[in-house]
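Novice: Sequential numbering from 941 applies to the sequence shown in this note's numbering.
Glycine included, each C-beta is placed from N, C-alpha and C at the ideal position.
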Amino acid sequence: MPFPVPGRIAEFLRRATVQIRVAGADAQGSGSGLVLTAGQIITNAHVAISNDVIVESWDGTSHKARVVRKDPHADLALLSADTVDAPPAALSSYEPKAGAAVIAVGNPLGFVGAVSSGFVQAVGVIRGLGWRRWVQADVRLAPGNSGGPLADVLGQIVGINTMIAGGLALAIPASTVQRFLSAKSARTLGVTIRPVTLRSPRDVPRPALLILELTKGGAAERASLLPGDILLEAGGQALHSPDDLSAALTHGDLVSFAFHRAGDAKVRRVTVELGQSRQASAA
């Protein structure tokens, strides 16, 4: 159930939120973004689908922007647009609790600076959506809200709105955004992988990831993993998809893996020290 949004907070968030559209695309825009510092804008990777984008600020002025960094697995992108005049927003240092009041701002269906409010329903992993943690809230979102802020009643940013699932808005938590901003480069295992399905003795299907290739000198090769190894778990969590693996690599420099080798039913384990090698997936 929505609640009245304090006028000064709504105005601040509307000014800190920009409209983003791919250069040459429809003028209605493809999403939203949030100004964090002078010239730096955070948005979703699925919004910044081109390296050249147009950013429109609260006063209607348009600016050219470029993609500085993008992480498709985290669905985050950092843009640079030095000429944007907007108040910078601050990422919250705490994780909101269930029941906390939150405010969403964005450009749904081309309506610029739309504000909606609601309450946090839960924070955490959602079954079927990999390892990502989400802030789940009953605020009203529509296409065009993606990349815009989810804030508390003081205007602190608790998440970046990303999608709708089961009637709830899902936002990437501020802590995940902060890790994306502070990471110089993504941790990678240095493998090419493909999702596979294993059959247990009871014929119960078990998703897993087959290693097809290793990057020379990469973390997986240094840990003596081999092509043909089948990754079952990382950090104690099942690996259903390449997204699960990517998420597991964000939890630290050391990750423990459970895997099968050469048809051996015995589960082997290894701890990998991650590096900066390339990671890829194969269909």
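Since I believe S1057 is in contact with P1114 (beta carbons under 8 Å), could you give me their beta-carbon distance rounded to a whole number of angstroms?
Specialist: By 1-based counting over the sequence shown, the position of residue 1114 is 174. By 1-based counting over the sequence shown, the position of residue 1057 is 117. Note on residue identity: the sequence assigns Ala, not Pro, to residue 1114. Actually they are not in contact, since the Cβ atoms of A1114 and S1057 sit about 18 Å apart, beyond 8 Å.
Novice: Which residue or residues does DSSP assign as beta-bridge partners of P1113?
Specialist: For the purposes of this step, residue 1113 is identified with residue 173 of the sequence shown, where counting begins at 1. Answer by DSSP bridge pairing, in chain order: G1099.
Novice: Among residues of its own chain, excluding the 5 on either side of T977, which ones have a beta-carbon nearer than 7 Å to its beta-carbon?
Specialist: What you label residue 977 is simply residue 37 of the sequence shown in a count that begins at 1. For T977, where only same-chain residues beyond five positions count, the Cβ hits under 7 Å are P1028.
Novice: What residue does the alpha helix (DSSP H) around F952 start on, and which one ends it?
Specialist: Sequence index remark: in the sequence shown, residue 952 carries index 12 (1-based). F952 -> alpha helix (DSSP H) spans 947-956.
Novice: Going by DSSP in three states, T1001 sits in which element: helix, strand or coil?
Specialist: What you label residue 1001 is simply residue 61 of the sequence shown in a count that begins at 1. Of the three classes helix, strand and coil, the one that applies to T1001 here is coil, per DSSP.
Novice: Between the beta-carbon of N984 and the beta-carbon of S1122, is there less than 7 Å?
Specialist: Taking the sequence shown and counting its residues from 1, one reaches residue 984 at position 44. Taking the sequence shown and counting its residues from 1, one reaches residue 1122 at position 182. The answer is no: Cβ separation not under 7 Å.
Novice: With DSSP as the reference, label L1049 as helix, strand or coil.
Specialist: Your numbering for residue 1049 matches position 109 in the sequence shown. Helix, per DSSP.
Novice: Spell out a yes or no on whether the region 1014-1028 and the region 1041-1061 are touching, meaning 3 or more CB-CB pairs, one atom from each, closer than 8 Å.
Specialist: Because the criterion of three Cβ pairs below 8 Å is not met, the region 1014-1028 and the region 1041-1061 do not touch.
Novice: According to DSSP, is D992 helix, strand or coil?
Specialist: Within the sequence shown, residue 992 is the residue found at index 52, counting from 1. It is a strand residue.
Novice: Indicate whether A956 and V1055 have their beta-carbon atoms separated by less than 7 Å.
Specialist: By one-based count along the sequence shown, residue 956 stands at place 16. By one-based count along the sequence shown, residue 1055 stands at place 115. No. Outside cutoff.
Novice: For L1121, name the three-state secondary structure that DSSP assigns.
Specialist: In the sequence shown, residue 1121 corresponds to position 181, counting from 1. Correct three-state label for L1121: helix.
Novice: Ignore the nearest five residues each way along the sequence and tell me which others in A1188's own chain have a CB closer than 8 Å to its CB.
Specialist: Taking the first residue of the sequence shown as position 1, residue 1188 is located at position 248. Answer for A1188: W1071, A1174, G1175, Q1177, L1179, V1195, listed in chain order.
Novice: In this structure, does DSSP put Q959 in helix, strand or coil?
Specialist: Stepping through the sequence shown from its first residue, residue 959 is reached at position 19. Three-state DSSP puts Q959 in a strand.
Novice: In chain order, what residues of the same chain have a beta carbon less than 8 Å from the beta carbon of L1090, not counting five sequence neighbours either side?
Specialist: Residue 1090 sits at position 150 when you count from the first residue of the sequence shown. Only V1042, I1043, A1044, V1075, A1077, V1079, I1097, V1098, G1099, I1100, N1101, A1109, A1111 meet the Cβ criterion.
Novice: Return helix, strand or coil for S970, following the three-state DSSP convention.
Specialist: Here residue 970 corresponds to residue number 30 of the sequence shown, with the count starting at 1. It is coil, neither helix nor strand.
Novice: Which residue from A1017, H986, L1016, S972 puts its Cα closest to that of S997?
Specialist: Taking the sequence shown and counting its residues from 1, the one referred to as residue 997 is at position 57. The shortest Cα separation from S997 among A1017, H986, L1016, S972 belongs to S972.
Novice: By how many angstroms is the C-alpha of V993 removed from the C-alpha of R961?
Specialist: Within the sequence shown, residue 961 is the residue found at index 21, counting from 1. Within the sequence shown, residue 993 is the residue found at index 53, counting from 1. The alpha-carbon atoms of R961 and V993 are separated by roughly 6 Å.
Novice: With respect to the beta strand (DSSP E) encompassing A1062, which residues constitute its N-terminal and C-terminal limits?
Specialist: As a working mapping, residue 1062 is identified with position 122 in the sequence shown. A1062 -> beta strand (DSSP E) spans 1054-1065.
Novice: Looking only at C-alpha atoms, which of D1169, P1083, R1119 sits nearest to M1103?
Specialist: The residue labelled residue 1103 in the question sits at position 163 within the sequence shown. Measuring from the Cα of M1103, the nearest candidate turns out to be P1083.
Novice: Hey, A1040 and V1060: beta-carbon distance below 7 Å or not?
Specialist: On the sequence shown, position 100 is the one that residue 1040 refers to. On the sequence shown, position 120 is the one that residue 1060 refers to. Going by C-beta atoms, A1040 is nearer than 7 Å to V1060.
Novice: For L1150, which residues from the same chain have a beta carbon less than 6 Å from its beta carbon, with the 5 sequence-adjacent residues on both sides left out?
Specialist: Start at 1 with the first residue of the sequence shown, and residue 1150 comes out as number 210. Correct list, in chain order: R1134, V1136, I1170.
Novice: Taking only the alpha-carbon atoms, compute the straight-line gap between V1212 and P1182 and give it to the nearest angstrom.
Specialist: Here residue 1212 refers to the residue found at position 272 when the sequence shown is read from its first residue. Here residue 1182 refers to the residue found at position 242 when the sequence shown is read from its first residue. Taking the straight line from one Cα to the other gives about 17 Å.
Novice: Name the residue from P1036, V1093, P1147 whose alpha carbon lies nearest to the alpha carbon of P944.
Specialist: In the sequence shown, the residue the question calls residue 944 occupies position 4. Comparing Cα positions, the closest option is V1093.
Novice: In or out: L974 buried (at least 16 other Cβ within 10 Å) or exposed?
Specialist: Reading the sequence shown from its first residue, position 34 is the one you call residue 974. By the 10 Å Cβ count, L974 comes out buried.
Novice: I need the DSSP call for L890, collapsed to helix, strand or coil.
Specialist: Because the chain here runs from 941 to 1223, residue 890 falls outside it and cannot be looked at.
Novice: Roughly how many angstroms lie between the CA atoms of D1204 and L1214, to the nearest whole one?
Specialist: Numbered from its first residue, the sequence shown carries residue 1204 at position 264. Numbered from its first residue, the sequence shown carries residue 1214 at position 274. Cα-Cα distance, rounded: 26 Å.
Novice: Taking its Cβ as the centre, do 16 or more other Cβ atoms sit within 10 Å of Q1118, making it buried, or is it exposed?
Specialist: Taking the first residue of the sequence shown as 1, we reach residue 1118 at position 178. Exposed.
Novice: Does DSSP put E1161 in a helix, a strand or coil?
Specialist: One-based indexing of the sequence shown puts residue 1161 at position 221. It is helical.
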